[in-house]
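>
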Amino acid sequence: MEFDKVVEARQSVRRYVPCEISEEELAEMVRAAGMAPSADNSQNWHFVGINKAEILGDIAEVVEAKWQGVFDKLAEVDEERSLKMQKFAKHFFYFFKDASAIILAYANEIEQPVGDILEKVGEDPEVINDHWLRRNNRMQNMGAALENLTLKAVDMGYGSCWLNALNYASPEIDAYLKEKHGFEVGDRFLAAVISIGKPAPNPKSPKKKPIEEIFTMIG
Ligand SMILES: Cc1cc2nc3c(=O)[nH]c(=O)nc-3n(C[C@H](O)[C@H](O)[C@H](O)COP(=O)(O)O)c2cc1C
Numbered sequence: 019m020e021f022d023k024v025v026e027a028r029q030s031v032r033r034y035v036p037c038e039i040s041e042e043e044l045a046e047m048v049r050a051a052g053m054a055p056s057a058d059n060s061q062n063w064h065f066v067g068i069n070k071a072e073i074l075g076d077i078a079e080v081v082e083a084k085w086q087g088v089f090d091k092l093a094e095v096d097e098e099r100s101l102k103m104q105k106f107a108k109h110f111f112y113f114f115k116d117a118s119a120i121i122l123a124y125a126n127e128i129e130q131p132v133g134d135i136l137e138k139v140g141e142d143p144e145v146i147n148d149h150w151l152r153r154n155n156r157m158q159n160m161g162a163a164l165e166n167l168t169l170k171a172v173d174m175g176y177g178s179c180w181l182n183a184l185n186y187a188s189p190e191i192d193a194y195l196k197e198k199h200g201f202e203v204g205d206r207f208l209a210a211v212i213s214i215g216k217p218a219p220n221p222k223s224p225k226k227k228p229i230e231e232i233f234t235m236i237g
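Each residue of the sequence shown is one higher than the one before, counting from 19 in my numbering.
This is the structure:
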């Protein structure tokens, strides 16, 4: 597909029609993700593909149990908000179980020369880790890779949704993947999950800001 058309056609798809997505197709999307730029060419990503409905269901159960614990506690102090959040979560947190596949995107540890220099001059390790390595470069790299991945999904005729709602349940997801599927997360952390499938008709997206609002030209 032509580049502009792919970019414009990408939107978050949260309702899917049944279809199968093969391991090869998921690998093709991950290949596009791996072409992204990364600080110091660190390529600090690892992607886990899942296209079995049963495993998607298991993960959805893990995620729902974790969030339900939060909503139950919230109900003790704010019942109305808890009920609202439970409804919201159905549409925005758990829908991935009805997708054809998901890709879990893990961020690996990275070593960077500049981080090392900051350490040598006595900068606070928290500042180096959080602001420089982790929140900053490490996550920018992931964002670049994930955007490639979602655009490739569109190019291949699929819809996707980028989710961070699963991140809160990542310790439980990590434990499930290790126990049931032998996947060791190690020192990586879950940065995001992408659900993928054939879009149900008429997915809706919020409006984008006009160019005048997001662009300043100087000089
Ligand atoms: C970092 C990130 C996290 C997101 N997390 C979720 C999520 O947990 N659940 C969800 O339904 N959508 C999630 N989204 C999708 C956004 O809601 C969506 O991109 C935004 O509303 C714009 O709509 P569009 O993607 O259709 O253009 C996420 C997007 C990003 C980039």
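Every residue gets a Cβ at the ideal spot worked out from N, C-alpha and C, and that includes glycine.
Is it true that the CB of R28 sits closer than 8 Å to the CB of C179?
The answer is no: Cβ separation not under 8 Å.
> Taking the alpha-carbon positions, what's the G67 to G237 distance?
Computed Cα separation, rounded: 47 Å.
> Nearest CA to the CA of E42: which residue from S60, A171 and H109?
Of the candidates S60, A171 and H109, the one whose C-alpha sits nearest the C-alpha of E42 is A171.
> Should P224 be listed as close to ligand 1, given that the test is whether its C-beta is under 7 Å from any heavy atom?
Checking every heavy atom of ligand 1 against the Cβ of P224, one is found closer than 7 Å.
> Which residue comes first and which comes last in the alpha helix (DSSP H) that contains Y112?
First-last for Y112: undefined, no H or E at that position.
> Buried or exposed: N62, going by 16 or more other Cβ atoms within 10 Å of its Cβ?
N62 is buried by the Cβ-count criterion.
> Should N166 go down as buried or exposed, given a rule of 16 or more other Cβ atoms within 10 Å for buried?
Counting Cβ neighbours within 10 Å, N166 comes out buried, since at least 16 surround it.
> Hey, H111 and A183: beta-carbon distance below 8 Å or not?
According to the sequence shown, residue 111 is Phe rather than His. Their beta carbons are under 8 Å apart, which means F111 touches A183 by this criterion.
> Could you give the distance in angstroms between the alpha-carbon of V48 and the alpha-carbon of L122?
Looking at the two C-alpha atoms, the distance is approximately 11 Å.
> Rounded to a whole number of angstroms, what is the C-alpha to C-alpha distance between E94 and E38?
Taking the straight line from one Cα to the other gives about 42 Å.
> According to DSSP, S213 sits in a beta bridge with which residue or residues?
Answer by DSSP bridge pairing, in chain order: I120 and C179.
> Can you give me the C-alpha to C-alpha distance between P219 and G177, rounded to a whole angstrom?
The alpha-carbon atoms of P219 and G177 are separated by roughly 11 Å.
> F114 and A163: beta carbons closer than 8 Å?
Not closer than 8 Å, so no.
> How is A125 classed by DSSP in three states: helix, strand or coil?
In the structure shown, A125 sits in a strand (DSSP, three-state: E or B).
> Quick one, which of K226, V211 and M174 has its alpha-carbon nearest E20's?
Nearest option by C-alpha distance: M174.
> Using DSSP with H/G/I as helix, E/B as strand and the rest coil, what is G67?
Correct three-state label for G67: strand.
> Output yes or no for whether 8 Å exceeds the beta carbon distance between I232 and L208.
Cβ distance not < 8 Å, so I232 and L208 don't count as in contact.
> Since I believe I120 is in contact with L3 (beta carbons under 8 Å), could you give me their beta-carbon distance rounded to a whole number of angstroms?
The requested residue 3 does not occur in the structure, where the chain is confined to residues 19 to 237.
> Alpha carbons only, please: which of A125, A187, E127 and N147 is nearest the one belonging to S135?
For clarity, residue 135 is Ile in the given sequence; the question names Ser instead. Comparing Cα positions, the closest option is N147.
> Distance check for A50 and V234, CA to CA, integer angstroms please.
The question names Val, yet the displayed sequence has Thr at residue 234. Distance between the alpha carbons of T234 and A50 is about 31 Å.
> Can you tell me where the alpha helix (DSSP H) holding S195 begins and where it ends?
Per the sequence shown, residue 195 should be read as Leu rather than Ser. L195 -> alpha helix (DSSP H) spans S188 to H199.
> Please find out if some non-hydrogen atom of ligand 1 comes closer than 7 Å to the beta-carbon of R156.
Checking every heavy atom of ligand 1 against the Cβ of R156, none is found closer than 7 Å.
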